[in-house]
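Chains as they are written, first to last, in our numbering: chain A, 31 to 436; chain B, 31 to 436. Just so it is clear, CB atoms sit at the ideal spot from N, CA and C, and this is done for glycine as well. Being a predicted model, the structure only gives us computed values, none of them experimental.
2 protein chains.
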Amino acid sequence: MTDADLRGRAQKVVPGGMYGHLNAALFAPGYPQFFARGDGCRQWDVDGREYIDFMCSWGPVVLGHRHPRVEEAAARQAALGDCLNGPGPIMVELAELLVDTVPSADWAMFSKNGTDATTQALMVARAATGRTKVLMAHGAYHGADPWCTPSLSGTTPNERADLVEFAYNSLESLEAAAATVEGDVAAIIVTPFKHDSFEDQELVEPAFARGARALADRLGAALVIDDVRAGFRIDLRGSWEPYGVRPDLTAWSKAMANGYPIAAVTGTDALRGPAQTLYSTGSFWFSAVAMAAAKATIETLRDTGGIAAMEHAGTLLREGLHTQAKSHGFVVNQTGPVTIPWLSFDGDADLSTAMYWSDACLRHGVYLHPWHNWFMSAAHTEDDVARALEGTDQAFAETRAHLLAP
Amino acid sequence: MTDADLRGRAQKVVPGGMYGHLNAALFAPGYPQFFARGDGCRQWDVDGREYIDFMCSWGPVVLGHRHPRVEEAAARQAALGDCLNGPGPIMVELAELLVDTVPSADWAMFSKNGTDATTQALMVARAATGRTKVLMAHGAYHGADPWCTPSLSGTTPNERADLVEFAYNSLESLEAAAATVEGDVAAIIVTPFKHDSFEDQELVEPAFARGARALADRLGAALVIDDVRAGFRIDLRGSWEPYGVRPDLTAWSKAMANGYPIAAVTGTDALRGPAQTLYSTGSFWFSAVAMAAAKATIETLRDTGGIAAMEHAGTLLREGLHTQAKSHGFVVNQTGPVTIPWLSFDGDADLSTAMYWSDACLRHGVYLHPWHNWFMSAAHTEDDVARALEGTDQAFAETRAHLLAP
Chain A
31 MTDADLRGRA QKVVPGGMYG HLNAALFAPG YPQFFARGDG CRQWDVDGRE
81 YIDFMCSWGP VVLGHRHPRV EEAAARQAAL GDCLNGPGPI MVELAELLVD
131 TVPSADWAMF SKNGTDATTQ ALMVARAATG RTKVLMAHGA YHGADPWCTP
181 SLSGTTPNER ADLVEFAYNS LESLEAAAAT VEGDVAAIIV TPFKHDSFED
231 QELVEPAFAR GARALADRLG AALVIDDVRA GFRIDLRGSW EPYGVRPDLT
281 AWSKAMANGY PIAAVTGTDA LRGPAQTLYS TGSFWFSAVA MAAAKATIET
331 LRDTGGIAAM EHAGTLLREG LHTQAKSHGF VVNQTGPVTI PWLSFDGDAD
381 LSTAMYWSDA CLRHGVYLHP WHNWFMSAAH TEDDVARALE GTDQAFAETR
431 AHLLAP
Chain B
31 MTDADLRGRA QKVVPGGMYG HLNAALFAPG YPQFFARGDG CRQWDVDGRE
81 YIDFMCSWGP VVLGHRHPRV EEAAARQAAL GDCLNGPGPI MVELAELLVD
131 TVPSADWAMF SKNGTDATTQ ALMVARAATG RTKVLMAHGA YHGADPWCTP
181 SLSGTTPNER ADLVEFAYNS LESLEAAAAT VEGDVAAIIV TPFKHDSFED
231 QELVEPAFAR GARALADRLG AALVIDDVRA GFRIDLRGSW EPYGVRPDLT
281 AWSKAMANGY PIAAVTGTDA LRGPAQTLYS TGSFWFSAVA MAAAKATIET
331 LRDTGGIAAM EHAGTLLREG LHTQAKSHGF VVNQTGPVTI PWLSFDGDAD
381 LSTAMYWSDA CLRHGVYLHP WHNWFMSAAH TEDDVARALE GTDQAFAETR
431 AHLLAP
């Protein structure tokens with residue numbers, strides 16, 4: 031069954047043939063829609079094409095597909111049971127691991143989607159403060175529930191009425207946003223760096239991070255870090271720990287269990303009581319297999335220096351792309367942490383060069399993205415990056431030829 | 031590690047030691063919190079106590095734990111990959127199976143939580159109508175997002191402002207609710223029968239089901255059946271199909287994949303376009319293993335007459351409990367479909383008799399629930415029910431003795 035065949039069948043039984051962030055219609059034209067398998071840092075589409083993958087399933091796969099230690103832990107748990115009448119001991123072990131690993135965490139609650147975690151974090155903040163408003167950065171992605179989905183389709187004005195936007199990295203803007211709802215700020219929610227789609231990424235200004243912390247304290251509001259996308263790729267202790275800024279609440283998901291479905295909120299002792307007052311739950315939130323996979327993933331990242339490995343491979347990729355772009359006469363912007371990289375072409379406002387180049391990369395066996403940040407995994411070796419750079423080099427050459435063509 | 035030890039550890043790292051619908055503190059006093067394993071219709075807690083289980087993990091486990099056909103399908107997919115850069119062919123196959131199985135379904139969209147599905151269904155309805163209000167039955171459970179969670183803690187008035195309540199099974203009440211927001215009704219959302227916690231279940235009045243359908247048509251609103259709890263235990267075609275009433279949208283989850291985490295919305299052709307306009311997605315919504323498990327679960331239910339098997343076992347249980355209760359001098363109410371049963375004691379307003387009896391059942395190896403409906407699975411044999419009835423008989427006797435004690 032080819033990708034084309036499957037697309038034809040999907041058109042009949044799935045709205046638009048596909049939806050959401052994996053909808054290939056939104057990427058460049060050559061992207062496959064359907065995937066057959068994954069192994070380490072490689073994926074194969076249903077037409078049998080092999081890719082060195084720099085999307086890592088949009089974040090979740092942080093150790094590489096079918097990582098032995100994770101698969102073993104998951105299989106051991108699955109042989110006992112997954113979805114039971116109560117959690118397994120693994121829930122306690124995983125919560126303990128998070129509390130031991132993350133300095134701002136005194137407790138953890140588990141769920142399934144990143145959106146579950148961001149939503150739950152705001153519920154805890156609202157329960158704690160008795161207030162309603164949340165300050166969030168304009169354009170930031172915090173999930174796809176009606177309160178936060180980037181498209182307004184299917185949402186109501188009431189569902190978005192408790193949000194006040196500020197500009198990322200602008201303390202002035204943050205303070206102005208707070209002033210518009212004085213006395214009613216429950217939380218400031220913020221991603222650890224600016225990773226909005228379609229534009230260059232921006233690291234947080236340390237002064238902004240510290241200022242957000244100070245403002246939350248002054249307001250008596252919760253500082254919520256949405257670490258769903260970046261968590262476990264910058265610092266296992268939390269992505270603002272290197273800046274010495276600790277949140278009251280953190281939302282986690284994606285990379286937490288190397289592809290198994292899980293999300294979590296961690297929080298401070300002061301918010302433990304309010305967290306207990308919520309009724310927030312789901313049919314599969316206490317399932318044991320994903321928790322076993324999460325524990326094995328975090329321990330493996332810790333024990334094997336997984337983030338350092340990603341940094342090493344990510345640096346090689348960034349340096350290689352820099353040299354190549356230059357040699358082909360392109361000015362490119364490489365932004366964000368090297369473990370969550372992105373490349374844009376200078377002056378490429380309509381992304382047409384990025385589209386052409388990423389499509390060319392695909393043809394040469396390198397899967398990356400024209401308008402969304404990429405993800406490194408600990409499975410990317412020096413050899414994998416070297417092999418990928420062969421593909422990207424040809425893609426730069428083809429892109430140059432395309433631009434020069436009459 | 032005993033249940034008591036784990037509770038002590040959990041108190042330190044999980045708010046309240048546990049949260050959500052599996053929080054044993056909310057059941058009768060003897061209930062274990064932590065579970066070690068499951069097999070067929072049996073579960074074992076961490077203290078090694080074995081139960082014939084009538085909660086089925088609150089619905090998901092519909093074929094019994096570790097069902098060979100489901101496990102085989104899941105393992106086969108897992109060996110290839112789960113969370114990839116796109117869905118696998120299995121997404122198309124599963125959507126086709128739902129469209130083939132459910133007469134009201136022309137398409138399907140997948141997610142992880144029942145709440146994802148109910149929320150997504152309302153988004154489709156709102157996108158289709160450009161309206162905001164939703165009519166829902168007072169006391170109905172449609173999930174645990176801020177718009178629908180039964181507790182208001184952590185929610186804001188705006189998040190609930192688009193709901194208008196009616197009384198289940200009252201067409202008059204439904205019409206009155208619609209009249210209060212005339213011209214702005216996007217959807218009527220309704221469970222296939224009244225399965226609110228803490229009270230006797232109530233089957234839908236066929237006239238109410240037909241009236242809700244007619245009202246939705248008259249208003250140009252979507253009729254949404256929330257089949258998350260009841261789906262795949264009443265009729266594979268959808269729980270109102272026996273009444274000849276077809277919804278525009280249906281939310282599915284729980285039993286769909288025998289415990290693997292998945293949810294779905296199915297809808298009619300008329301809503302296909304609006305569904306395409308949503309940005310509704312999640313990191314694990316396209317993962318292939320749960321889809322493979324779902325396909326195997328639905329096919330097994332279909333091919334083996336799974337619902338008929340549950341009806342047979344459920345009828346034996348209901349008849350046995352009826353006879354036992356009578357012989358011990360109790361008047362009990364057994365309500366709901368036999369595949370999603372519940373028993374209450376007449377006049378037991380504070381549920382103290384139900385609490386005592388369910389605790390006694392536990393001690394005799396039968397896991398059921400004092401204030402939430404139970405679930406049958408296709409793994410419950412005549413022998414299992416007979417064995418369970420030995421336990422419930424002793425529990426009735428002990429409950430009688432307890433009530434007679436000075």
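According to DSSP, residues forming a beta bridge with residue i
| i | result |
| --- | --- |
| Ala293 of chain A | A:Ser141 |
| Phe375 of chain B | B:Val362 |
| Tyr397 of chain A | A:Asp83 |
| Glu195 of chain A | A:Met166 |
| Thr280 of chain B | B:Ile255, B:Thr296 |
| Lys224 of chain A | A:Glu232 |
| Val215 of chain A | A:Lys163 |
Contact test: residue i Cβ vs the ligand NAP heavy atom, cutoff 7 angstroms
| i | result |
| --- | --- |
| Asp146 of chain B | Of the ligands one can find in the structure shown there are none, so the ligand NAP has no counterpart to examine. |
CB contact flag (residue i, residue j, <8 angstroms)
| i | j | result |
| --- | --- | --- |
| Met406 of chain A | Pro371 of chain A | yes |
| Gly169 of chain B | Pro176 of chain B | no |
| Leu238 of chain B | Leu279 of chain B | Here residue 238 of chain B turns out to be Phe, not Leu, going by the sequence shown. No, these two residues do not count as a Cβ contact at 8 angstroms. |
| Gly144 of chain B | Gly111 of chain B | no |
| Ala54 of chain B | Gly116 of chain A | yes |
| Ala135 of chain B | Leu308 of chain B | no |
| Trp401 of chain A | Ala425 of chain A | no |
| Gly70 of chain A | His95 of chain A | yes |
| Ala104 of chain B | Ala435 of chain B | no |
| Gln443 of chain B | Met48 of chain B | Within the shown structure, residues of chain B are numbered from 31 to 436, placing residue 443 of chain B beyond reach of any answer. |
| Ala384 of chain A | Glu428 of chain A | no |
| Thr162 of chain B | Ala216 of chain B | yes |
| Ala155 of chain A | Glu195 of chain A | no |
| Trp282 of chain A | Asp257 of chain A | yes |
| Pro90 of chain B | Lys284 of chain B | yes |
| Lys325 of chain A | Glu123 of chain A | yes |
Nonlocal neighbours in the same chain, by C-beta distance under 6 angstroms from residue i, ignoring five residues either side
| i | result |
| --- | --- |
| Val132 of chain B | Arg267, Gly268, Thr296 |
| Gly118 of chain A | Ala318 |
| Ala343 of chain A | Met406, His410, Val415 |
| Val368 of chain B | Glu341, Gly344, Thr345, Arg348 |
Neighbourhood of residue i by C-beta distance below 8 angstroms, restricted to the same chain and skipping five residues each side
| i | result |
| --- | --- |
| Leu351 of chain B | Val362, Gln364, Leu373, Leu419, Thr422 |
| Ala242 of chain A | Leu201, Leu204, Ile218, Val220, Leu253, Val275 |
Amino acids of chain E, ordered along the chain, whose beta-carbon sits closer than 7 angstroms to that of residue i
| i | result |
| --- | --- |
| Asp378 of chain B | The structure shown contains no chain E; the protein chains it does contain are A and B. |
Cut-off 7 angstroms between Cβ atoms - residues of its own chain near residue i, not counting five sequence neighbours on either side
| i | result |
| --- | --- |
| Gly395 of chain B | Glu80, Tyr81, Ile82, Gly421 |
| Thr298 of chain A | Ser134, Asp136, Asp278 |
| His51 of chain B | Trp88 |
| Phe360 of chain A | Phe375, Phe426 |
| Arg72 of chain A | Glu80, Tyr81, Ile82, Asp83 |
| His399 of chain A | Phe57, Met85, Ser388 |
- Item | Residues, ordered as in the chain, of the region 288–309 of chain A that lie near chain B by beta-carbon distance below 7 angstroms | Gly289, Pro291, Arg302, Ala305, Gln306, Thr307, Leu308, Tyr309
- Check each residue of the region 137–158 of chain B: if its Cβ is closer than 9 angstroms to any Cβ of chain A, include it; give the result in chain order. Trp137, Ala138, Met139, Phe140, Ser141, Lys142, Asn143, Gly144, Thr145, Asp146, Thr149, Gln150, Leu152, Met153, Val154, Ala155, Arg156, Ala157, Ala158
- Task: Quick one: which residues of the region 186–214 of chain A get their C-beta closer than 8 angstroms to a C-beta of chain B? List them in chain order.
- Result: Thr186, Pro187, Asn188, Glu189, Ala191, Asp192
- Query: What residues in the region 117–129 of chain B bring their beta carbon closer than 8 angstroms to a beta carbon of chain A?
  - Reply: Listed in chain order, the positions of the region 117–129 of chain B with a beta carbon within less than 8 angstroms of a beta carbon of chain A are Pro117, Gly118, Pro119, Met121, Val122, Ala125, Glu126, Leu128, Val129.
- 4 or more residues per run - each alpha helix (DSSP H) lying fully within the region 63–139 of chain B: 98–110, 119–131
- Message: So if I threshold CB-CB distances at 7 angstroms, which residues from the region 37–70 of chain B count as touching chain A?
- Response: Arg39, Ala40, Val43, Val44, Pro45, Gly46, Tyr49, Gly50, His51, Leu52, Ala54, Pro62, Gln63, Phe64, Phe65, Ala66, Arg67, Gly68
- Query: According to a CB-to-CB cut-off of less than 9 angstroms, which residues of the region 388–417 of chain A neighbour chain B?
  - Reply: Residues Tyr397.
- Task: Report the residues of the region 93–116 of chain B with a CB closer than 7 angstroms to any CB of chain A, ordered along the chain.
- Result: His95, Leu110, Gly111, Asp112, Cys113, Leu114, Asn115, Gly116
- Task: Can you give me, in chain order, the residues of the region 230–247 of chain B that have a beta carbon less than 7 angstroms from any beta carbon in chain A?
- Result: none
- Query: If you measure beta-carbon to beta-carbon, which residues of the region 331–352 of chain A are closer than 9 angstroms to chain B?
  - Reply: The region 331–352 of chain A vs chain B, Cβ under 9 angstroms: nothing.
- Task: With 7 angstroms as the limit, tell me which residues of the region 81–93 of chain B have their beta carbon closer than that to any beta carbon of chain A; keep them in chain order.
- Result: Asp83, Met85, Ser87, Trp88, Gly89, Pro90, Val91
- Item | Under 7 angstroms (Cβ pairs) to chain B, residues found in the region 271–287 of chain A | Ser283, Lys284
- Message: For the region 169–184 of chain A, list every residue whose C-beta sits within 7 angstroms of some C-beta in chain B, in sequence order.
- Response: Ala174, Asp175, Pro176, Thr179, Pro180, Ser181, Ser183, Gly184
- Message: Under 7 angstroms, CB to CB, which of the residues in the region 307–328 of chain B have a partner in chain A?
- Response: Thr307, Leu308, Tyr309, Ser310, Thr311, Gly312, Ser313, Phe314, Trp315, Phe316, Ser317
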